[in-house]
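First to last, the protein sequences are chains A and B. Whatever position you read off the first sequence (first residue = 1), add 8 for this note's numbering. Whatever position you read off the second sequence (first residue = 1), add 71 for this note's numbering. We treat Cβ as the ideally placed atom computed from N, Cα and C, and that holds for glycine. Beneath this line is the structure, given in C-alpha cells, with notes to follow.
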Amino acid sequence: MTPPLLEIDNLHTFFYTDNGVARSVDGVSLHVDAGETVGVVGESGCGKSVTALSILRLIRPPGRIEAGSAIRFEGKDLLTLDDKAIRQVRGNRIAMVFQEPMTALNPVFTVGDQIAEVARIHAGMSKRDAMAKAIEMLRLVGIPAPEQRAYEYPHQLSGGMRQRVVIAMALVMNPALVIADEPTTALDVTIQAQILELLADLTRRLGTSILLITHDLGVVAENCSRVVVMYAGEVVEEATTPDLFAHPHHPYTEGLLGAMPKVGGTAERLATIPGTVPPPTVWPAGCRFRERCAYAWDRCATEHPPLYQIAEGHVSRCHLAAEPERRAHPHQPIAAQPGVTAA
Amino acid sequence: MTLLSVRDLTKHFPIKRGIFGQVSGQVRAVDGVSFDVAAGETLALVGESGCGKSTTGRAVLRLIEPTSGSVQFDGNDVLSLGAGDLRRLRRKMQIVFQDPFSSLNPRMSIGAIVREGLTIHGLAEGAAADARVNQLLEEVGLRPEYASRSPHEFSGGQRQRVGIARALSVEPTFIVCDEPVSALDVSVQAQVVNLLQDLQRDRGLAYLFIAHDLSVVEHIANRVAVMYLGHIVELAAVDDLYGTPIMPYTQALLSAVPAPDPGVKRERILLAGDVPSPANPPSGCVFHPRCQHPARDAACATIVPPLEEKAPGHWAACIKQPPTTVSWEAQKEAGGTNPPDFFLPRAALHRSVDATTAH
C-alpha cells in the first residue's frame with residue numbers, strides 16, 4: 009500500500025494567551041490520499057483552520073505546534089524541516105486558498121504580477137516568461153480576456169474573479185495538494201457554484217488533492233469523497249461522504265445534519281444543538297460534547313472517548329459505539345435544562 | 072390583512088466625482104420595487120450581494136431616505152411623516168441587524184440596550200421597566216441575571232437574541248430581519264430561526280426577512296421575492312417559488328444551492344459571468360445578458376418586463392413567459408424574433424430531488 013500524500017499524526021497546536029493555554033488543536037490525526045478531496049467540517053472555534061495553518065507551519069506566537077506532533081508529506085516530516093526547506097514546500101508542493109480573496113491579494117500590485125511572482129520565486133522564470141505563465145494560469149481558471157485582466161488590480165475585479173485569481177496563484181507550480189480554507193464562504197451561491205465546479209474540474213484534469221475546510225455540509229456533500237468532522241479541537245467522526253450522511257454516528261454530526269434546513273425539506277422546526285462550544289482554554293474532562301448531548305451518561309463525564317471503529321473507514325469519538333442500546337433513550341441535554349442559558 | 076404596502080420604491084445613490092462633488096451618475100440600488108406584507112406573515116427578500124435587498128429593507132423603515140415611491144404601513148403614509156410621527160410609528164416597525172457584533176453598543180449593558188426603547192417611547196419606567204427587560208430577556212432565552220453584562224461577554228447567537236429582545240421591547244407588529252442568521256454557525260442559526268418562528272406564532276408578528284441563504288428562507292418564509300439588480304424578478308408563495316420557479320435567474324439561483332445529501336445529483340445551471348454594476352445596469356430586462364431562456368432575443372434588451380401574475384399568486388417579470396401583457400407587436404417593434412409561446416418550461420426542482428432520494 010502506498011503511504012498517503014499527507015498524513016497528520018497526533019497534531020497539537022496550542023496558543024499561550026493571557027487567559028490560559030488555548031488547546032485549539034488537541035490531538036488531530038487525518039490523512040489525504042493522492043487525487044482525493046477531503047472535507048473538514050465544524051463550527052467556528054473547532055480548530056479546523058488552525059489545523060490547516062499548522063500543515064504549512066503558518067502558526068505565529070503565541071501559538072506553537074507541540075512536540076510529539078508529526079505532519080508527513082511526500083515522505084518528509086514538515087515539522088522538522090528548516091525554514092528554507094519549508095519554503096520549498098509552500099506554494100510549490102502545497103498551496104493554500106484563503107477565504108477572503110480581497111485580503112489574500114496585495115492591492116498595490118496587478119494580479120498578473122502577483123501570479124508571476126510565484127513563478128519567478130519557485131521556478132526561477134524570467135519576468136517575461138513568468139508573465140506569460142500568469143496569463144496562461146488566468147486562462148486555465150476561466151477568466152475572460154486574461155491578457156487584459158493580468159494588468160488589472162484586485163479592486164477592479166469582482167469577488168468571484170478575485171477568488172479565481174487566488175486559485176490561479178495556488179496552481180502555478182502544479183502542487184500536489186491544495187488546502188482550501190472556506191474558499192467560497194464570502195461568495196454568493198451562483199458564484200460559489202462556479203468556483204466549486206472549477207476546483208472539481210482542476211482536480212480531474214491535474215490530479216491535485218484538495219483539503220477542503222468548510223462549515224457548509226452541502227459543499228462537503230457535493231465535493232468531497234471523505235469527511236472529517238471536528239469539534240472542540242478534536243476529530244469526532246470520520247467517514248466516506250455517503251456513509252457520513254446516511255449513517256452519522258456521533259451525536260454532534262447528527263445535530264449538525266439536523267440543524268441544516270434543507271431545500272425541499274418539510275420539517276416544522278429545525279433540530280438544534282443547545283448550548284455553545286466551550287472555550288478552548290477549558291475543554292471539559294471526559295467527552296467535550298457531553299453537556300450538549302441528548303445521550304450523555306455518567307461514563308461520558310469521566311472517560312474521554314477514544315475514536316471507536318464503527319465500520320470500514322468510519323470512526324466516531326462517542327461511547328455509544330460501546331453501549332449502542334443507550335441511543336434508544338435520549339434525554340434533555342444538560343445545556344438545555346432550565347436555568348442554563350441557550351446560546 | 073395587508074399591513075405594509077410598498078409601491079414603486081426606488082433608491083438611487085449619486086456617484087460624486089472630483090473635488091466639487093459633481094454628480095456623474097446614479098447607482099440604481101433599488102429600482103421600482105412593489106410588494107405587500109400581510110399581518111403575521113413572513114415575506115422573504117432573497118438575492119445576491121448588491122441586488123438591493125438590504126437597501127429595500129432600510130428604505131421601508133426610512134433608515135435610508137428613498138428617492139421615490141410610496142410606503143403605506145397600517146394606514147400611514149410612511150414617506151410623508153414628520154420626524155415626530157415617524158418616531159411614534161417606528162414603535163410598530165423594528166429591525167434586527169445582520170452583524171450581532173457591531174449592532175450593539177459595547178459601552179452599554181444588555182439590560183440598558185433592551186431598556187432604551189422603553190424609555191424613548193415612554194412605555195415603562197423604574198421598576199416596571201426592569202421587570203419588562205427581565206421578561207424580554209427570558210422570552211428570547213437569556214437569563215435575566217445577565218442584564219448587567221456587556222455585549223462582549225456574549226457569543227454571536229446570544230447577541231443576536233439581545234438584538235431581537237431590543238426590537239421586541241416596543242411591541243412592534245412588523246420587523247425587518249436583515250440577514251439575522253448569516254453570521255451564525257449552523258447549530259446556533261437553527262436556535263435563532265426557531266426563536267423567530269416562536270415569537271411570530273405567539274405575537275402575530277410580520278417579518279420582512281432579508282437573506283441570501285435559500286435553505287433558511289424556504290424554512291421560514293410564507294412568500295418569497297427574488298431580487299436582481301434592484302428589481303423584483305419573481306414573487307410567489309414559498310412552495311410555488313421553490314417547486315416551480317419561472318424566471319431563469321431563480322432557477323439558476325436555486326440550482327446553485329449545494330444539497331446536504333450526497334445522493335442528490337442535481338442538474339446545475341451555471342450562470343456565466345458576474346452581476347453587472349447597478350451604476351450601469353443593462354437596458355431592457357436587467358438579466359438579459361446572462362439569461363438562458365430559449366426565447367431570449369433583441370426585444371429583451373429593449374423592453375423593461377413588467378412584474379406580471381403568470382399563475383395565481385405567482386408573479387414574474389419576463390416578456391417571454393406567457394401570459395404577458397407585452398404584445399407580440401410591441402416585441403417585434405423592439406427587434407423580437409421569438410413569439411412568447413415558445414417558453415421555458417417551469418422547472419420542478421423539488422420533484423427531481425424527491426425522485427433521487429426515493430431510490
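- Between the segment 245-260 of chain A and the segment 318-337 of chain A, the count of C-beta pairs closer than 8 Å reaches three or more; the two stretches touch.
- Against chain A, a Cβ distance below 7 Å from Ser221(B) picks out nothing, because the smallest value is about 16 Å.
- Excluding residues up to 5 positions away in sequence, Ile123, Val126, Ala127, Lys141 and Met145 lie with their Cβ nearer than 7 Å to the Cβ of Val180(A) in the same chain.
- Assigned with DSSP and collapsed to three states, Thr248(A) falls in strand.
- Within its own chain, the residues whose Cβ lies closer than 7 Å to the Cβ of Arg300(A), once the five positions on either side in sequence are excluded, are Ile281, Pro282, Gly283, Pro341 and Ala343, listed in chain order.
- For Phe81(A), the pairing in a beta bridge is given by DSSP as Leu14(A) and Lys84(A).
- Per the C-alpha coordinates, the member of Pro376(B), Gln363(B), Gly344(B) and Arg339(B) positioned closest to Ser354(B) is Pro376(B).
- Take Leu175(B), set aside five residues on each side of it, and the residues of its chain with a beta-carbon closer than 7 Å to its own are Ile184, Pro222, Arg230, Val233 and Gly234, in chain order.
- A contact is defined here as three or more CB-CB pairs under 8 Å, and the segment 61-79 of chain A fails this definition with respect to the segment 248-268 of chain A.
- According to DSSP, residue pairing for Thr289(A) in a beta bridge does not occur.
- Arg203(B) and Leu189(B) have their C-alpha atoms spaced approximately 9 Å apart.
- The beta carbon of Gly226(A) falls within 7 Å of a beta carbon belonging to chain B, placing the residue at that interface.
- Our two residues, Lys403(B) and Asn351(B), have alpha carbons roughly 26 Å apart in a direct line.
- Under the three-state reduction of DSSP, Ser354(B) is assigned to coil, being neither helix nor strand.
- Across the segment 338-369 of chain B, CB contacts with chain A closer than 7 Å involve Arg339, Leu341, Leu342 and Asp345, in sequence order along the chain.
- In this chain, the beta strand (DSSP E) harbouring Val297(B) covers Arg294 to Tyr299.
- Taken through DSSP and simplified to helix, strand or coil, Ile218(A) comes out as strand.
- Counting along the chain, Arg170(A) sits inside the alpha helix (DSSP H) bounded by residues Gly167 to Leu179.
- If you draw a 10 Å sphere on the C-beta of Ile86(B), you find fewer than 16 other C-beta atoms in it, and that means exposed.
- If the five residues before and after Ala307(B) are omitted, its C-beta is found closer than 6 Å to the C-beta atoms of His385, all from its own chain and listed in chain order.
- In this model, Glu380(B) and Ala302(A) are separated by some 48 Å (Cα to Cα).
- In summary, Asp209(A) is exposed, with fewer than 16 beta-carbon neighbours lying within 10 Å of its beta-carbon over all protein chains present.
- For the pair Met318(B) and Val295(B), the CB atoms are not nearer than the 7 Å cut-off.
- Ranked by Cα distance from Ala110(B), the first of Ser139(B), Gln206(B) and Ala277(B) is Ala277(B).
- Each of Gly226(A), Thr198(A), Arg157(A) and Leu225(A) was checked against the Cα of Ile143(A), and the nearest Cα belongs to Arg157(A).
- The count of Cβ pairs closer than 8 Å, one atom from the segment 201-216 of chain A and one from the segment 123-138 of chain B, stays below three, leaving the stretches out of contact.
- For Gly120(A), the enclosing alpha helix (DSSP H) covers residues Val119 to Ala131.
- When Cβ-Cβ separations below 7 Å define contact, Thr193(A) makes no contact with chain B.
- Per DSSP, reduced to three states, the secondary structure at Lys92(A) is helical.
- In chain order, Val237 and Glu245 place their CB closer than 6 Å to the CB of Thr261(A), counting only its own chain and leaving out the 5 sequence neighbours on each side.
- Annotation: the continuous beta strand (DSSP E) that includes Thr45(A) extends over Thr45 to Val49.
- As a beta-bridge residue in DSSP terms, Cys248(B) pairs with Val167(B) and Phe280(B).
- If you draw a straight line from the Cα of Cys232(A) to the Cα of Leu206(A), it comes to about 14 Å.
- Taking the Cα positions, Arg277(A) is about 21 Å away from Asp249(B).
- Secondary structure note for Trp386(B): its beta strand (DSSP E) is the uninterrupted segment His385 to Ala387.
- Annotation: Pro410(B) has no Cβ neighbours in chain A at a cutoff of 7 Å; minimum Cβ distance is about 29 Å.
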